[in-house]
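Here is the structure we will look at.
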Amino acid sequence: MKIKIGIIGGSGLDDPKLMKGIRERRVTTPYGPPSSPLTTGKISGVETVVLARHGRGHTIYPSAVNFRANIHALKQAGCTHILATTAVGSLRTRIRPGDLVLMDQFLDFTRHRIMTFHDKGAVVHTPMAEPFCGTLSGLLSRTARELKLRHHARGTVVTIEGPRFSTKAESHMFRKLGADIINMSTVPEVVLAREAGICYQAIAMSTDYDCWKEEEEPVTWEMIVRIMGENAEKVKGLILKAIPRIQYTDCSCRGT
Ligand SMILES: [Zn+2]
Numbered sequence: 082m083k084i085k086i087g088i089i090g091g092s093g094l095d096d097p098k099l100m101k102g103i104r105e106r107r108v109t110t111p112y113g114p115p116s117s118p119l120t121t122g123k124i125s126g127v128e129t130v131v132l133a134r135h136g137r138g139h140t141i142y143p144s145a146v147n148f149r150a151n152i153h154a155l156k157q158a159g160c161t162h163i164l165a166t167t168a169v170g171s172l173r174t175r176i177r178p179g180d181l182v183l184m185d186q187f188l189d190f191t192r193h194r195i196m197t198f199h200d201k202g203a204v205v206h207t208p209m210a211e212p213f214c215g216t217l218s219g220l221l222s223r224t225a226r227e228l229k230l231r232h233h234a235r236g237t238v239v240t241i242e243g244p245r246f247s248t249k250a251e252s253h254m255f256r257k258l259g260a261d262i263i264n265m266s267t268v269p270e271v272v273l274a275r276e277a278g279i280c281y282q283a284i285a286m287s288t289d290y291d292c293w294k295e296e297e298e299p300v301t302w303e304m305i306v307r308i309m310g311e312n313a314e315k316v317k318g319l320i321l322k323a324i325p326r327i328q329y330t331d332c333s334c335r336g337t
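For the sequence shown, this note's numbering begins at 82 and goes up steadily by one.
Right under this line is the structure:
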């Protein structure tokens, strides 16, 4: 079985020096058009598709991202695996700005998002005990270790609706609930990927300490952009090294 990798986010990977035979495809889906055209090509000989979650110019705010169209577009393109990049705030001292986190659980605090492809017709209840792909996450963790990147092999993300950041009370609450990192984009992306039977793993880049840590400045958008810029090469390097190692295996993600 041939594999095809979908990358959500991944700015810089659609560089002709890295991706061969680049083509840009404008597509649409039964749920409308995805956030950006699909950039297709080969990275290390592996078919890859890159999609910008927030649009090419980062113009789509989190609640307005058409997650169903994005996942459906990658499914239509034949993607068997998705690597998603995301900036996160850290809720733990040990997760420092610039660290990578390979999350393995989520808490869903979104409010206004469509969570399923099965909103019409037969009722479907998708198991979600292990929402991320353990096979992909293990491979990424081994690769990050080889590259000597500071990373955390597990972690619980809480996804909030946004676009505002948390209050201090909320930030402390999420820590008490067991969340390690916080963002605005993983849910429902991971849920829809599971419904679509695609192996999905998010690579989180920690950019700040949200607002719970008294000795740190509360998070601002400028802070996120600066740390992302300084550390973007780490995520890119990890993805480039991991892609040729991904294989098609029987995975419970594709189960049902
Ligand atoms: Zn999987």
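For every residue, glycine included, the Cβ atom is placed at its ideal position computed from N, Cα and C. Source: prediction; values computed, not measured.
message: Can you check which of these residues, Leu99, Cys160, Gly219 and Asn151, is closest to Ile279 by C-alpha distance?
response: Cys160
Close beta carbons around Ala283, own chain, < 6 angstroms, minus the five adjacent residues each side: Ala165, Thr167, Met184 and Thr267
Pick from Pro115, Glu303 and Ile176 that is closest to Ala154, judged by C-alpha positions: Of the residues Pro115, Glu303 and Ile176, the one whose Cα lies closest to the Cα of Ala154 is Pro115.
- prompt: Taking just the CA atoms, how far does Ser333 sit from Ile86?
  reply: 17 angstroms
- request: Compute the beta-carbon to beta-carbon distance between Thr237 and Ala260, rounded to the nearest angstrom, for a pair I have assumed lies under 8 angstroms.
  value: 5 angstroms
query: Under three-state DSSP, which class holds Gly318?
result: helix
- prompt: Just curious, the beta strand (DSSP E) that Asn264 is in, first and last residue?
  reply: Ile262 to Asn264
query: Leaving out the 5 sequence neighbours to the left and right, which residues in its chain are closer than 6 angstroms to Lys249 when beta-carbon positions are compared?
result: Cys292
Best match in Ala145, Ala285 and Gly318 for proximity to Arg340 [C-alpha to C-alpha]: Lying outside 82 to 337, the shown extent of the chain, residue 340 is not represented and no answer is given.
field: Contact check, Ser287 vs Asp180, beta carbons under 7 angstroms
entry: yes
- request: Using beta-carbon positions only, say whether Gly243 and Met209 come within less than 7 angstroms of one another.
  value: no
message: Taking the alpha-carbon of Pro325 as reference, which of Gly126, Arg335 and His162 has the nearest alpha-carbon?
response: Gly126
message: Once DSSP output is grouped into helix, strand and coil, what is the label at Glu298?
response: coil
- request: Check Gly170 in the structure and name its three-state DSSP category.
  value: strand
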